[in-house]
Each structure stands twice: as structure tokens, then as C-alpha cells.
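To keep things clear, I will list the structure first and then write my remarks on it.
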Amino acid sequence: MADIEPREIRELFTNDTDEWASIRSEGQKDMRFVSGKPWEEADVADRKQAGRPCLAPDELGQYVNQAINDVRQNKRGITVTPTGRGANDVTAAFRQGKIRDIEYRSNAQQAYMTMYENAVQRSYGYLRIVSRYTRDRVETPDPSDMDMELRIEPVVNPDMVTPDPYAIRTDFSDGTRLFYRESWSKDDFKRRWKKSAAGRDFSTLSEVGEDWVSHDRVQVSEFWRKELARQRKLLLIAPPPPPTQRGVSLNLNAPEPQPIAIFEDELPKGLSHEVLRSRTVDDYQVCKYLTNGLEILEKTEWPGLSIPFVSCFGKVLYVDSGKGSRRQILSLVRLARDPYMLYCYYMTCVAELIGMTPKFPYFVYKGQLDKEALKDLQRSLHQPVAVIQVEPVLDDTGNQVLGMPQRQPYEPPIQALTIGAEAARRAIQAAMGISPLPTEAQARSQKSGKALQRIEESGQRGTFHFVDHYDDAIIRTGTILDELIPHYYDTPRETSVRKPDESIAMVRI
């Protein structure tokens with residue numbers, strides 16, 4: 028594989044970031060709604076300055092938590108089965124036990140759930156597979172310290188990942204490049220890469236732009252690339268005839284010889300063979316480049332055939348807005364944002380109207396109440412009072428009898444606003460795939476156990492497309508581990524495997 032120049036990496040990063048900009052922007056907006064901050068900052072500032080309320084009751088969290096916790100309660104794992112081509116039950120059992128051990132040692136459920144939570148909440152999530160030495164810190168050297176093992180790690184912040192924007196599959200199985208970026212302080216960067224030109228003089232980074240360097244931070248990116256390394260010719264050749272003596276087979280119970288698949292460049296020289304079929308096979312190579320945008324800090328050839336990142340997406344749509352179809356990835360809360368904003372506005376109006384309710388409940392004529400009567404009237408707002416005496420006439424009114432003190436009624440339209448808020452709640456439920464129950468069916472005592480089960484299953488079906496993509500992502504994780512195991516567990520040693528009952532066994536390989 029030919030090396031790549033930092034300038035080309037920067038151009039690819041700019042292109043891929045632009046392609047993902049709209050998806051990432053919508054995902055970040057989703058997270059604001061999930062975290063209880065649906066109002067725009069300008070609206071919040073204006074309302075606070077005017078002394079007006081700005082409420083955001085949590086109406087999304089219960090449905091998001093339900094979708095996530097249903098999966099958290101029913102944990103998934105990777106399953107291995109033999110598929111022919113020399114595979115057998117013994118090989119499958121070892122790989123299943125080894126993958127189960129990798130999942131256990133990696134605390135893979137954390138990586139799985141972090142990926143799924145991000146897919147539900149912001150429409151995209153990731154995990155990664157890494158290799159590392161069995162012991163990071165070596166005090167007493169041991170031959171096993173040279174052994175490497177595989178781990179499944181979570182990607183807590185999915186915005187650190189910029190995948191190939193032209194990959195279509197939701198599990199990223201067809202991706203050919205990916206960026207994974209971390210922010211380093213300049214001091215840490217200088218200590219880590221002492222020989223870097225940027226580490227000696229950060230002014231050289233000015234040419235790469237603000238995407239890669241700021242006044243005190245440096246962006247270090249893993250750039251993964253999968254490229255065609257070569258093309259090879261795969262042959263299916265006829266098997267050699269079985270040994271015979273005077274035309275009679277020496278082993279009548281021997282199985283029927285099978286054709287042999289072999290690459291043309293691996294054929295022994297001088298071997299006579301009959302080619303039954305042939306085809307050209309693409310041979311790919313995966314490389315990881317560590318770069319600060321200005322220079323290649325490290326280059327590593329990855330032994331697997333796939334970029335070791337797995338994605339989990341929400342609902343994928345292709346929408347034509349007049350400029351051709353473009354991909355949109357919807358989270359669980361995406362279409363619930365507008366009704367949730369309406370719900371927040373209704374509840375804010377309710378609070379605002381209650382706050383505007385008049386605090387003076389009675390109007391009386393000046394001098395109509397003496398001090399004792401005024402105290403009785405004030406006390407009547409909180410406790411029963413038998414009699415309150417008022418003056419029927421005053422000196423200024425002559426013989427004209429005054430009206431009795433009256434309370435000014437004011438009834439805020441709370442009921443109408445509450446009805447509107449309830450309609451917004453129903454719209455939230457519909458947008459998130461949660462079936463609202465009729466009012467009279469809310470009480471659990473009015474429903475049988477089977478009815479409750481059907482209601483729960485209905486809610487799960489409304490979010491099953493997320494679960495389906497999640498299962499695909501775990502299958503993809505198993506596929507990558509399966510292709511990496513022969514490369515990392517390839518030296519004679521004892522390694523642990525985990526059985527279905529969670530007991531551990533040591534296997535010699």
C-alpha cells in the first residue's frame with residue numbers, strides 16, 4: 028500500500044466532516060433535548076431578562092430510558108458457528124469461548140450499551156476493537172509479556188469519530204476510511220512525540236488550520252484506511268487421484284477426494300494440475316496513520332481485513348430536498364422535538380399565567396372597614412370568620428348605601444392549556460413509537476396480565492428498528508474478532524476461554 032501525504036489526509040478529513048455536518052448537527056440538537064435544554068439560548072436569555080419563566084419538564088426521558096433499559100435488561104453476546112471451509116465444532120467452540128472471554132475481560136456490555144444509547148439518543152454510536160499487550164507494566168519479565176490480546180472498547184463521545192460518508196451499511200462493514208480524533212494539550216503532545224517537528228515548534232502547525240490546532244490544544248487523529256493492495260488469482264484444481272495398485276484403490280473406505288482451492292502464486296513449482304475454475308480476488312490491506320495534520324507520527328499495518336470500528340445507526344432515510352437524495356439518520360427523539368417544544372411552551376404558559384394571577388382578592392371603599400374589620404377580612408382568606416362589619420354609608424356619600432366588599436374573580440385558562448399540553452404529550456408518544464393508552468385504561472387494575480404484556484410488546488415494536496441495528500452491530504463485532512483471532516492468538520501458549528456457565532478453562536494453543 029502506498030503511503031499517504033498529510034495534505035491528502037487533511038483534504039479527506041475536510042470532505043468527510045462536511046458530509047457528516049448535517050447528521051452531526053441534528054444529533055447534537057437531539058442531545059440538547061434529551062438533556063432537558065430544548066429552548067434556544069437566545070430565547071432563554073430574553074425570558075430571563077424579562078423575568079419570565081422558561082420551563083422544560085422531562086417528558087422524553089421516560090421513553091428514551093424505556094428503549095435503552097429494555098436492551099440493557101436483555102443482554103446480547105456474540106455467537107460463533109462453523110460455516111464449512113475446514114471449520115468444525117471444535118474450532119467454533121474454541122473461538123466462541125475465546126470471544127466470550129474477550130467480552131468478559133473488556134466489559135463489552137459497557138461498549139455495547141454506550142453504542143446503543145448514542146444511537147437511540149442522537150442517531151449514531153460506535154465501538155472499537157483494539158489490541159494490547161497482556162501486561163502494560165512489566166516488573167518481572169515473563170515470555171507472556173510479548174503476547175497481545177484483543178479488547179472491545181466503548182466510544183463514549185461519537186463525535187470523535189468521522190467515518191467514511193460513502194459507506195452505506197449501518198454496521199460500517201463496507202467502510203474504507205475513518206478518522207478517530209483526540210484532543211491533546213501542547214505539553215502532553217510534546218512529551219509524547221519528542222521527535223515531532225510540531226513538538227519542537229508549534230508555529231509550524233499554523234498551516235494546517237483551526238481544525239487541527241488551537242492556541243493550547245492539538246488534534247491527534249487516527250486515520251484508518253482500507254485499500255486494495257493487490258489482485259490474486261484463485262484456482263480450484265482437481266484433487267490428485269488416490270493411490271492404486273494394478274488399477275485397484277488401496278483404501279476402499281477413503282472419502283471421495285475434494286477439489287482444492289489455492290492461489291496461483293502459492294502453487295508449488297512443477298506441480299501438474301487441472302484447473303476446474305478460477306477467479307480474480309481482491310486482496311485488501313488496512314493501515315492506521317497517526318497524524319497531527321502536518322506529519323505522520325506513526326504508521327501501523329493492521330492484520331485484519333476490516334477497519335476495527337463498528338457503528339450502530341438509528342432509522343436511516345434517503346430524502347430528496349431538491350438537490351438529490353441525501354442520507355438522514357433519525358434518533359428516537361428526532362421527530363418528537365417539535366411536540367416536546369410545544370409541550371414545554373404550554374407548561375411555561377401555565378406557570379406564567381399562574382404567576383400573573385392577582386394577589387389582591389377584594390375591593391372595598393376607603394373607610395368602609397375599620398381596623399378590626401380589615402383584620403377580620405384578611406383573616407378570612409385563611410380561616411373561617413363568622414361576622415365582618417362594614418360601614419354602609421360614609422360622610423362623603425350622604426344617604427347613599429355603599430355596595431358590599433367584593434372579591435374580583437380571575438380564572439386563568441389553565442384547563443385549555445392543559446388540554447393542549449396533553450395533546451402535545453400524545454404527539455410525543457406517537458413520534459417515538461409509544462402507543463398512548465386510553466384515559467380509562469391507565470390504571471393497571473383495569474387490565475389483565477396478558478393485556479399488560481401486549482401493551483409492553485407494542486412499545487417494544489415501536490423501537491425495534493433500533494434493536495435490529497444493534498444486533499447487526501454485535502454480529503459485526505464478532506466477525507471482526509473472528510478474523511483477528513488467528514493473528515493475535517498464533518503463538519504456542521495457554522490462553523483462557525469462558526464457558527457458557529461463566530466458568531473459566533485454560534486451553535493450550
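Residue numbers for the sequence shown, in the numbering used here: 28 to 536.
Backbone N, C-alpha and C define an ideal beta-carbon position, used for all residues, glycine too.
So what does DSSP say about K315, is it helix, strand or coil? Here residue 315 refers to the residue found at position 288 when the sequence shown is read from its first residue. It is a strand residue.
With a CB to CB cut of under 8 Å and the five nearest residues on each side skipped, what residues in its chain are close to P465? Residue numbering aside, residue 465 sits at position 438 when the sequence shown is read from its first letter. In this prediction, P465 scores a pLDDT of 49, lower than 50, which makes its location untrustworthy; the coordinate-derived value is nonetheless stated afterwards. Around P465: no qualifying Cβ.
With V147 and I95 assumed to form a contact (beta carbons below 8 Å), what rounded beta-carbon distance in angstroms separates them? Within the sequence shown, numbered from 1, the residue matching residue 147 stands at position 120. Within the sequence shown, numbered from 1, the residue matching residue 95 stands at position 68. With a Cβ gap of about 6 Å, V147 and I95 count as contacting.
Span of the beta strand (DSSP E), counted from its first residue to its last, around P366: Along the sequence shown, read from residue 1 onward, the residue named residue 366 stands at position 339. Element bounds for P366: not the beta strand (DSSP E) but the alpha helix (DSSP H), 364 to 382.
Can a CB atom of chain D be found closer than 7 Å to the CB of P192? In summary, chain D is missing from the structure at hand, where a single protein chain is found.
Near G447, which residues of its chain fall below 6 Å by C-beta distance, leaving aside the five closest residues on each side in sequence? Taking the first residue of the sequence shown as 1, we reach residue 447 at position 420. Cβ within range, chain order: Y373.
Would you mind working out which of I323, Q410, R353 sits nearest S194, comparing C-alpha positions? For the purposes of this step, residue 194 is taken as the residue at position 167 of the sequence shown. Per the sequence presented here, residue 194 reads as Ala, with Ser not at that position. The option with the nearest alpha carbon to A194 is R353.
Quick check on DSSP: helix, strand or coil for V183? Reading the sequence shown from its first residue, position 156 is the one you call residue 183. Of the three classes helix, strand and coil, the one that applies to V183 here is coil, per DSSP.
Quick one, are the C-beta atoms of R155 and P335 less than 7 Å apart? To locate residue 155, count along the sequence shown from 1; it is residue 128. To locate residue 335, count along the sequence shown from 1; it is residue 308. Cβ distance < 7 Å, so R155 and P335 count as in contact.
Going by C-alpha distance, which of R204, F229, F206 is nearest D215? By one-based count along the sequence shown, residue 215 stands at place 188. Considering only alpha carbons, the answer is F229.
In the DSSP assignment, find the alpha helix (DSSP H) that holds W47 and state where it starts and stops. Residue mapping note: residue 47 aligns to position 20 of the sequence shown, counting from 1. In the DSSP annotation of this structure, the continuous segment of the alpha helix (DSSP H) that includes W47 starts and ends at 33 to 61.
Going by DSSP, what residue range makes up the alpha helix (DSSP H) through R127? Position 100 of the sequence shown, counting from 1, holds the residue named residue 127. Element bounds for R127: 116 to 133.
Could you check how far apart the C-beta atoms of P366 and A458 are, in whole angstroms? I think they sit under 8 Å. Residue 366 sits at position 339 when you count from the first residue of the sequence shown. Residue 458 sits at position 431 when you count from the first residue of the sequence shown. So it is a contact: roughly 6 Å between Cβ atoms.
Span separating the alpha-carbon of E79 from that of E379: On the sequence shown, residue 79 is found 52 positions in, with the first residue counted as 1. On the sequence shown, residue 379 is found 352 positions in, with the first residue counted as 1. For the record, residue 79 in the displayed sequence is Arg; it is not Glu. Roughly 7 Å between the two C-alpha positions.
Using alpha carbons as the reference points, say which of E67, K64, W251 lies closest to Y311. Within the sequence shown, numbered from 1, the residue matching residue 311 stands at position 284. The option with the nearest alpha carbon to Y311 is W251.
Coarse secondary structure for T307, derived from DSSP in three states: As a working note, residue 307 is residue 280 in the sequence shown. T307: strand per DSSP, three-state reduction.
Would you check if the distance between the CB atom of F199 and the CB atom of S348 is smaller than 7 Å? In the sequence shown, the residue the question calls residue 199 occupies position 172. In the sequence shown, the residue the question calls residue 348 occupies position 321. No, they are not a contact pair.
Near Y153, which residues of its chain fall below 7 Å by C-beta distance, leaving aside the five closest residues on each side in sequence? For the purposes of this step, residue 153 is identified with residue 126 of the sequence shown, where counting begins at 1. Around Y153: M142, V182, P185, V188, F336, V337, S338.
Three-state secondary structure (DSSP) at L263? In the sequence shown, residue 263 corresponds to position 236, counting from 1. Three-state result, L263: strand.
Any contact of the stretch 519 to 526 with the stretch 117 to 134, i.e. 3+ C-beta pairs under 8 Å? yes
Check whether the Cβ of A457 sits closer than 6 Å to any heavy atom of the ligand GDP, and report yes or no. You won't find the ligand GDP in this model; it holds no ligand whatsoever.
Rounded to whole angstroms, what's the CA-CA distance from S241 to G54? Just pull it up for me. Start at 1 with the first residue of the sequence shown, and residue 241 comes out as number 214. Start at 1 with the first residue of the sequence shown, and residue 54 comes out as number 27. So the alpha carbons of these two residues sit roughly 25 Å apart.
Straight-line CA distance for P192 to L298? One-based indexing of the sequence shown puts residue 192 at position 165. One-based indexing of the sequence shown puts residue 298 at position 271. Near 47 Å, if we compare the C-alpha coordinates of L298 and P192.
Integer-rounded CB distance, given that L357 should sit under 8 Å from L369: Stepping through the sequence shown from its first residue, residue 369 is reached at position 342. Stepping through the sequence shown from its first residue, residue 357 is reached at position 330. The pair is not a contact, with the Cβ atoms about 19 Å apart (cut-off 8 Å).
Exposed unless 16 or more other CB atoms sit within 10 angstroms - verdict on F340: By 1-based counting over the sequence shown, the position of residue 340 is 313. So F340 ends up on the buried side.
Kindly indicate which three-state DSSP category L232 falls into: helix, strand or coil? Within the sequence shown, the letter at position 205 stands for residue 232. Three-state DSSP puts L232 in a helix.
Neighbourhood of Q246 by C-beta, 8 Å cutoff - its chain only, sequence neighbours within 5 removed: Position 219 of the sequence shown, counting from 1, holds the residue named residue 246. Closer than 8 Å at Cβ, skipping near neighbours: R208, E209, S210, W211, D238, W239, V240, N319, G320.
Those residues which DSSP pairs with A288 across a bridge: Taking the first residue of the sequence shown as position 1, residue 288 is located at position 261. BP columns for A288 point to L263.
DSSP three-state label for G88, please. Along the sequence shown, read from residue 1 onward, the residue named residue 88 stands at position 61. In the structure shown, G88 sits in a helix (DSSP, three-state: H, G or I).
Unbroken beta strand (DSSP E) run spanning A69, endpoints: On the sequence shown, position 42 is the one that residue 69 refers to. Premise fails: A69 lies in the alpha helix (DSSP H), 68 to 77, not in any beta strand (DSSP E).
Alpha carbon of D116 to alpha carbon of R122, nearest angstrom: Indexing the sequence shown from 1 puts residue 116 at position 89. Indexing the sequence shown from 1 puts residue 122 at position 95. A direct Cα-to-Cα measurement between D116 and R122 gives close to 10 Å.
Simplified DSSP assignment, three categories, for L344: For this step, residue 344 is matched to residue 317 along the sequence shown. Looking at L344 - three-state DSSP - the assignment turns out to be strand.
Under the assumption that L262 contacts E291 (Cβ atoms under 8 Å), give the Cβ distance between them as a whole number of angstroms. What you label residue 262 is simply residue 235 of the sequence shown in a count that begins at 1. What you label residue 291 is simply residue 264 of the sequence shown in a count that begins at 1. Confirmed, Cβ separation roughly 6 Å.
Here's the rule I'm using: 16 or more other beta-carbon atoms within 10 Å means buried, otherwise exposed. How should F390 be labelled? As a first step, residue 390 is located in the sequence shown; it is residue number 363 there, counting from the start. Result: exposed.
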